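Residue numbers (full-length UniProt numbering): 1 to 320.
Pasting the structure below:
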């Protein structure tokens, strides 16, 4: 059935493609650079069997783009991919009316999935969120919906809410992150719902969540943006059940990246994608800053980022 096909398509590395901008008034989308990004990921070995690309997610600056820009970015990614990798389109919004438009647009341009989270700013009830998701599902019945639990800026999705979402046939993925508490919310949902949804681990529990007891089949991997081979190795080691090596990769190679991300967010600017874009620049890709209000971290953290990338063994560095 279509639901099972879409769930299978979601397995592997879940890669948020950053949106590059031109450094001029209005920071227009740099379409040529975006196509270069996509080709870099594909040439790095990411395929339909190993990855899904998210166009216009948080690292893609969705919150600073217009509706038309969001659709155009997804169109470019879909066109450049040419069917070689499934594509999700970011559809996070505060408005049900806009969500319906985004869902219809995603279906029209040939996206495989949309990513949806609970509306932010207001603390909406779970019933509000259920109605929100059902509106998207009805507007675009042929597209898969990925539910993203962005608990840090909106309503945290409960186990009972996941049960309700499981009743919606085209909700096929759960990009799962939870507060890290002794209540084991992450483990509870993953263990119970991994047969109903493709669980995308957004908590960096890869060495644990991929085990059969929890059953995660997809993994949010920012490192793929500048080191796609890292993601391919991750998928390969998980497939082989080599969880010891997965843990080593997380501690020795991923952790330094995320530690620097947290440092930048704490001391300089916030948003998403700023470290991805700097790392991409340091392997020779066209780059840009994130759109304001996220400030340009590149001149301030270039040396620290280059040092981090050397320490973790990033290939193809072109700087220094």
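Ideal Cβ positions, reconstructed from N, Cα and C, are used throughout, including at glycine. Being a predicted model, the structure only gives us computed values, none of them experimental.
Start and end residues, beta strand (DSSP E) containing residue i
{"i": "residue 198", "result": "198 to 201"}
{"i": "residue 238", "result": "Not the beta strand (DSSP E): residue 238 falls in the alpha helix (DSSP H), residues 228 to 239."}
{"i": "residue 174", "result": "171 to 176"}
{"i": "residue 290", "result": "Premise fails: residue 290 is in no beta strand (DSSP E) and is neither H nor E."}
Residue i versus residue j: straight-line alpha-carbon distance, rounded
{"i": "residue 143", "j": "residue 113", "result": "5 Å"}
{"i": "residue 53", "j": "residue 14", "result": "6 Å"}
{"i": "residue 75", "j": "residue 65", "result": "14 Å"}
{"i": "residue 130", "j": "residue 181", "result": "25 Å"}
{"i": "residue 45", "j": "residue 171", "result": "28 Å"}
{"i": "residue 119", "j": "residue 8", "result": "27 Å"}
{"i": "residue 108", "j": "residue 310", "result": "43 Å"}
{"i": "residue 162", "j": "residue 33", "result": "38 Å"}
CB of residue i within 7 Å of CB of residue j, strictly
{"i": "residue 200", "j": "residue 241", "result": "no"}
{"i": "residue 258", "j": "residue 207", "result": "no"}
{"i": "residue 150", "j": "residue 117", "result": "yes"}
{"i": "residue 100", "j": "residue 137", "result": "no"}
{"i": "residue 210", "j": "residue 238", "result": "yes"}
{"i": "residue 294", "j": "residue 271", "result": "yes"}
{"i": "residue 82", "j": "residue 18", "result": "no"}
{"i": "residue 80", "j": "residue 35", "result": "yes"}
Cβ-based burial, residue i [other Cβ within 10 Å; buried from 16]
{"i": "residue 27", "result": "buried"}
{"i": "residue 115", "result": "buried"}
{"i": "residue 227", "result": "buried"}
{"i": "residue 152", "result": "exposed"}
{"i": "residue 231", "result": "buried"}
{"i": "residue 1", "result": "Low confidence applies to residue 1: its pLDDT is 48, below 50, so where it sits in the model is not reliable, and the reading given next is rough at best. Under this definition residue 1 is an exposed residue."}
{"i": "residue 276", "result": "buried"}
Opposing strand residues paired with residue i [DSSP bridges]
{"i": "residue 89", "result": "55 and 114"}
{"i": "residue 224", "result": "According to DSSP, which records beta bridges pairwise, residue 224 is partnered with nothing at all."}
{"i": "residue 15", "result": "53"}
{"i": "residue 218", "result": "12 and 200"}
{"i": "residue 145", "result": "114 and 171"}
{"i": "residue 21", "result": "29"}
Residue i Cβ short of 6 Å to the ligand SAH heavy atom set
{"i": "residue 237", "result": "With respect to the ligand SAH, the structure offers nothing, as it holds no ligand at all."}
Residue i - containing alpha helix (DSSP H), residue span
{"i": "residue 62", "result": "Unbroken run through residue 62: none, as it is neither H nor E."}
{"i": "residue 256", "result": "255 to 267"}
{"i": "residue 162", "result": "159 to 165"}
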